[in-house]
Amino acid sequence: MDEELVELIRSVITRIPEGRVATYGDIADIARAPSPRMVGKVLQEDGHDLPWQRVLRANGTCAPHIAHEQLDRLRAEGVLAVDGKVDLRKYRWEEAVTEPADEPQLGLFE
DNA sequence: TGCCTGACGGGTA
DNA sequence: ATACCCGCCAGGC
Numbered sequence: 000m001d002e003e004l005v006e007l008i009r010s011v012i013t014r015i016p017e018g019r020v021a022t023y024g025d026i027a028d029i030a031r032a033p034s035p036r037m038v039g040k041v042l043q044e045d046g047h048d049l050p051w052q053r054v055l056r057a058n059g060t061c062a063p064h065i066a067h068e069q070l071d072r073l074r075a076e077g078v079l080a081v082d083g084k085v086d087l088r089k090y091r092w093e094e095a096v097t098e099p100a101d102e103p104q105l106g107l108f109e
């Protein structure tokens with residue numbers, strides 16, 4: 000897999016703030032990865048030194064094989080789960096917008 | 001060369 | 001909620 004992309008994906012994950020989470024799809028979009036699977040692939044191969052606990056599936060659940068430890072770690076930084084599910088509406092990370100839009104964001108609600 | 005396998009996601013029934 | 005289905009794409013064999 001392209002090393003350039005791997006580093007990009009890793010850097011995005013590093014930017015997720017403590018106490019917030021992001022989905023595999025979010026990471027893929029930001030990193031312009033061709034598929035969310037690439038994100039999982041990166042974590043599987045070399046994710047030990049990343050805040051991997053902040054990466055969840057699109058429905059707020061964890062990948063089954065690491066669910067227990069992941070939820071423990073998240074709980075330790077203030078992210079609570081109900082029935083093994085994290086409420087994304089509450090904890091999902093949105094990248095900070097550096098440049099204010101010069102037009103009202105009305106279009107986002109159409 | 002194919003075929004199978006995933007730390008995935010969206011849609012439908 | 002569960003169960004399929006299909007798209008996705010790098011790797012392993």
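If you read the first sequence in numbering that gives the first Met the number 0, its first letter stands for residue 0, the second for the next number, and so on.
Backbone N, C-alpha and C fix where the C-beta goes; we use that ideal spot for every residue, glycine too.
- Message: Which of the three DSSP states is assigned to threonine 13 in this structure?
- Response: Threonine 13 falls in the helix class under three-state DSSP.
- Roughly how many whole angstroms lie between the Cα atoms of glycine 77 and glycine 18? Spanning the two alpha carbons is a distance of roughly 6 Å.
- Message: Quick check for students: name the residue ranges of the alpha helix (DSSP H) that lie wholly in the segment 31-69, counting only runs of 4 or more.
- Response: The qualifying runs are 35-45.
- Are threonine 60 and valine 85 closer than 9 Å when you measure CB to CB? Yes, the pair counts as a contact, with Cβ atoms nearer than the cut-off.
- Going along the chain, which residues of its own chain have a beta-carbon closer than 6 Å to the beta-carbon of alanine 27, five neighbours each way excluded? Apart from sequence neighbours up to five positions away, the residues of its chain that approach alanine 27 with a beta-carbon distance below 6 Å are Pro35 and Val38, ordered along the chain.
- Task: Could you tell me whether the Cβ atoms of methionine 0 and valine 41 are closer together than 9 Å?
- Result: Yes, the Cβ-Cβ distance between methionine 0 and valine 41 is below 9 Å.
- Message: Among the candidates Val5, Val96 and Ala95, whose CA atom is the shortest distance from the CA of leucine 49?
- Response: Of the listed residues, the one whose Cα sits closest to leucine 49 is Val5.
- Message: Which same chain residues end up closer than 6 Å to valine 11 when comparing Cβ atoms and leaving out the 5 residues on each side of it in sequence?
- Response: The answer, listed in chain order, is Ile26, Ile29 and Ala30.
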